[in-house]
Structure formats: C-alpha cells, structure tokens
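Numbers 157 to 280, taken from the numbering used here, label the letters of the sequence shown in order.
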Amino acid sequence: MKTAIKKIQGLGTAHNGVHHWWAQRITAIALIPLVIWFTTKVVCTASCHRDLSIIFGNDFSLVIFSLMLFVMLYHSALGVKVIIEDYVHCKCAKTISIILVNILAWLTGALLFFVVIKNLILIS
C-alpha cells in the first residue's frame with residue numbers, strides 16, 4: 157500500500173516552467189509595439205513593392221523588423237514546445253518533436269541573421 161506522497165514523488169515540475177511562463181509573457185508584450193509598428197509602416201505607407209523597399213531600405217527599419225521576427229520566432233518556438241509537452245504523451249515522440257522544434261528555430265534564426273547582415277551590407 158502506497159501513501160499519497162509516494163504516489164506523487166517523481167511526478168513534479170522540471171524546474172523550468174517559471175522561465176517558460178515569463179519568457180512567453182515578455183515576448184508577447186514585446187511583440188505588441190513591434191507588430192503595431194510593422195502594421196502601421198506597411199499598411200499606411202506601402203502601396204507597391206517600391207514603397208516597401210524604401211521603407212526597409214534604411215538601417216533602423218531593417219533592425220526593428222528583424223527584432224520583431226526574432227522575438228516572434230522565439231515566442232512561437234516556446235509556444236510549440238509547451239503544446240508538445242502538454243499534448244504529446246509518448247516520451248520518445250515528445251523528445252524528438254522538441255528537438256526538431258529547437259533545430260528548426262535555430263536554423264530559421266540563423267537564416268534570418270544572414271539575410272539581415274546581407275541586407276545591411278547592401279544598404280551601406
């Protein structure tokens with residue numbers, strides 16, 4: 157016969173849930189002004205491709221746009237990991253899925269970094 161404490165031992169937290177929670181909230185709050193900036197910049201001032209190239213032709217706009225994409229990428233990776241942790245019950249599938257999400261996020265971030273650097277060099 158097991159006591160209630162024996163039944164729940166080992167089923168506790170992984171000690172990183174608070175970090176995930178805070179990271180998701182902070183990135184969500186950071187995305188609010190970034191998405192508002194992007195929306196107003198594109199919707200209000202761009203009517204054709206040439207206008208978009210002018211908008212993102214300066215360093216400040218490109219850096220802010222890149223910051224928005226990086227924050228959005230991190231926020232979405234955190235969210236997908238939480239969904240996988242909550243709804244994928246097979247431990248092997250859960251581990252593989254989280255590894256694939258991490259790889260995809262890092263590869264996308266690296267590609268974004270190189271595109272931004274290339275565009276900064278072209279602008280200068």
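Beta carbons: idealized from backbone N, C-alpha and C, even for Gly.
Note that the coordinates shown come from a computational prediction; the quantities given were computed from them, not determined experimentally.
Quick one: Cα of residue i to Cα of residue j, how far?
| i | j | result |
| --- | --- | --- |
| Leu263 | Ile255 | 12 Å |
| Ile273 | Cys246 | 40 Å |
| Glu241 | Gln180 | 15 Å |
| Gly235 | Leu208 | 30 Å |
| Val198 | Cys248 | 43 Å |
| Ser253 | Tyr243 | 11 Å |
| Leu218 | Thr251 | 35 Å |
When the distance is taken between beta carbons, is residue j closer than 8 Å to residue i?
| i | j | result |
| --- | --- | --- |
| His231 | Thr183 | yes |
| Ala233 | Val257 | yes |
| Phe226 | Gly265 | yes |
| Thr201 | Ile211 | yes |
| Val238 | His175 | no |
| Leu276 | Asp215 | yes |
| Leu278 | Met228 | no |
If residue i sits next to residue j, beta carbons under 8 Å apart, how far is it from one beta carbon to the other, in whole angstroms?
| i | j | result |
| --- | --- | --- |
| Met224 | Leu190 | 4 Å |
Per DSSP, what kind of secondary structure is residue i in: helix, strand or coil?
| i | result |
| --- | --- |
| Val191 | helix |
| Val238 | helix |
Is there a C-beta anywhere in chain C that falls below 8 Å from the one on residue i?
| i | result |
| --- | --- |
| Leu267 | The displayed structure is made up of one protein chain only, and chain C is not part of it. |
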